Structure formats: C-alpha cells, structure tokens
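Asker: Pasting a structure here, questions to come.
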Amino acid sequence: MADVAYYTKEGLENLKEELQFLKTTGRANIAKAIAEARDKGDLSENAEYDAAKEAQGLHEAKIAKLGELLANARLLDESKLDTSKVLALSVVKIKNIKNGATMSYQLVSENEADIKTGKISVASPIAKGLLGKKVGETIEITVPAGKMEFEILEISR
Numbered sequence: 107m108a109d110v111a112y113y114t115k116e117g118l119e120n121l122k123e124e125l126q127f128l129k130t131t132g133r134a135n136i137a138k139a140i141a142e143a144r145d146k147g148d149l150s151e152n153a154e155y156d157a158a159k160e161a162q163g164l165h166e167a168k169i170a171k172l173g174e175l176l177a178n179a180r181l182l183d184e185s186k187l188d189t190s191k192v193l194a195l196s197v198v199k200i201k202n203i204k205n206g207a208t209m210s211y212q213l214v215s216e217n218e219a220d221i222k223t224g225k226i227s228v229a230s231p232i233a234k235g236l237l238g239k240k241v242g243e244t245i246e247i248t249v250p251a252g253k254m255e256f257e258i259l260e261i262s263r
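Per the numbering used here, the sequence shown starts with residue 107, numbered consecutively.
Written out as structure tokens, the structure reads:
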C-alpha cells in the first residue's frame, strides 16, 4: 500500500483534472496515433506502430499511478489545523540567521511541491527540520550545501 499524502483543495482538484484528461483526451490521442500507424501497412515492420503501442503502455501506467495517488490522497481541513506549530500545509515565514534573508514556504505533499510558488515538499530537508517547531524557535537544518540556521518568524494557514 502506498503512503497517504495530504493535499490542499487546489492540489487535489488538479490531480483529479489531470487524471480525467489522461483518461479522456489522452487515451483518444493515443488511439488515433495507433490507428494512423496501423493504416500504414505491415505491422511486423512498422516502427511507428510499435512506438504508438509503447506510448500507450506508458500512458496507461501514468493513469494507474495517478489513480493510486488519488486513492491515497487526503484533503486536510486547514481551518481545523493548529497554528501554534508547523504542520503539513502550514505557511511558514523563516529567517536565515547567517544572512538575514527571510522567506516564506508552504509545506505540501511531494506532488504539489513547486519552489517557484513557494511550495516545498514535506519530505524536503528544510520542511522536515521545521515540522513540529513553534514561532520564535531557532533551528539548525542540514541541507545539501551544509548546515543552515533559521528562526521561525510566523506560522499561518
């Protein structure tokens, strides 16, 4: 059994939309490619047909994986979460002690992580170091570049 992953409402909706797209439009496109390749003649020597069938297999594997992710997905009611400490889906404002830079991250599931929008995976080194901590705490986190010290400035939802 796969691990349970917690999602925001937006992240869960995106997952459902992607799965629906793959099942409908994606499958139709693959079927069309297979039909076009089949029309080109002898299947035993048709590389285009083989490639289309391989693409179909990869597509179905992706559908199965997304289906499993969705089956193990849980929606967190953010309004009921404790804001006194860092949890999954928390928005945390931290300050780098060494250079004084402040940054804000939301801790989300691995599939929702997008550093450009400030969403980091709960499995990342920084998120693991922040989980369970409270405002005002100073923590040392080991990241690939070495050890970094952060102060938690604010926790919100």
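Every residue, glycine too, gets a C-beta built ideally from N, C-alpha and C.
Note that the structure is predicted; figures quoted are calculated from it, not measured.
Curious, which full-length beta strand (DSSP E) runs of at least 3 residues does the region 173 to 255 contain?
Answerer: Taking only runs of at least 3 residues, the beta strand (DSSP E) segments lying wholly in the region 173 to 255 are 179 to 181, 197 to 202, 208 to 214, 225 to 227, 244 to 249.
Asker: Looking only at its own chain, which residues have a Cβ that is under 7 Å from the Cβ of L176, when we skip the five neighbours before and after it?
Answerer: By one-based count along the sequence shown, residue 176 stands at place 70. Correct list, in chain order: L121, K122, L125.
Asker: Report back the beta-carbon spacing between E243 and S227 to the nearest angstrom; my notes put them in contact at under 8 Å.
Answerer: Walking along the sequence shown from the start, residue 243 turns up at place 137. Walking along the sequence shown from the start, residue 227 turns up at place 121. At roughly 21 Å, the Cβ-Cβ gap does not stay under 8 Å, so E243 and S227 are not in contact.
Asker: With a 10 Å radius around its C-beta and 16 neighbouring C-beta atoms as the bar for buried, classify I200 as buried or exposed.
Answerer: As a working mapping, residue 200 is identified with position 94 in the sequence shown. I200 should be labelled buried.
Asker: Apart from the five residues just before and just after Y155, which ones in its own chain have a Cβ nearer than 8 Å to its Cβ?
Answerer: On the sequence shown, position 49 is the one that residue 155 refers to. Around Y155: I140, A143, R144, K146, L149.
Asker: May I ask which residues mark the beginning and end of the alpha helix (DSSP H) holding K122?
Answerer: The sequence position of residue 122 within the sequence shown is 16, counting from 1. K122 -> alpha helix (DSSP H) spans 115 to 127.
Asker: Hey, quick one: how far does the alpha helix (DSSP H) through E142 stretch, first residue to last?
Answerer: Here the question's residue 142 lines up with position 36 in the sequence shown. Residues 133 to 144.
Asker: State the Cα-Cα distance for the pair M107 and T131, rounded to the nearest angstrom.
Answerer: Your numbering for residue 107 matches position 1 in the sequence shown. Your numbering for residue 131 matches position 25 in the sequence shown. Because the pLDDT at M107 is just 46, under 50, the model does not fix this residue reliably, and the value given afterwards should be weighed accordingly. Distance between the alpha carbons of M107 and T131: 29 Å.
Asker: Check each candidate in T208, N205, V214 and name the one with the smallest Cα separation from S264.
Answerer: No answer is possible for residue 264: the residues shown for the chain start at 107 and end at 263.
Asker: Express the C-alpha separation of D109 and I247 in angstroms, rounding to a whole number.
Answerer: Indexing the sequence shown from 1 puts residue 247 at position 141. Indexing the sequence shown from 1 puts residue 109 at position 3. When rounded, the distance between both Cα atoms is 25 Å.
Asker: Give me the DSSP bridge partner(s) of I258.
Answerer: Within the sequence shown, the letter at position 152 stands for residue 258. Secondary-structure assignment with DSSP links I258 through a beta bridge to I200.
Asker: Going by alpha carbons, who is nearest to L237 out of D220, P250, Q212, N152?
Answerer: Taking the sequence shown and counting its residues from 1, one reaches residue 237 at position 131. Considering only D220, P250, Q212, N152, the residue with the shortest C-alpha distance to L237 is Q212.
Asker: Look up Y112 in the DSSP assignment and give the residues it is bridged to.
Answerer: By one-based count along the sequence shown, residue 112 stands at place 6. In DSSP, Y112 forms a bridge with R180.
Asker: Residues in the same chain with beta-carbon distance under 6 Å from L128, minus the five sequence neighbours each way, listed in chain order, please.
Answerer: Locating residue 128 in the sequence shown gives position 22, counting from the first residue. For L128, where only same-chain residues beyond five positions count, the Cβ hits under 6 Å are I169.
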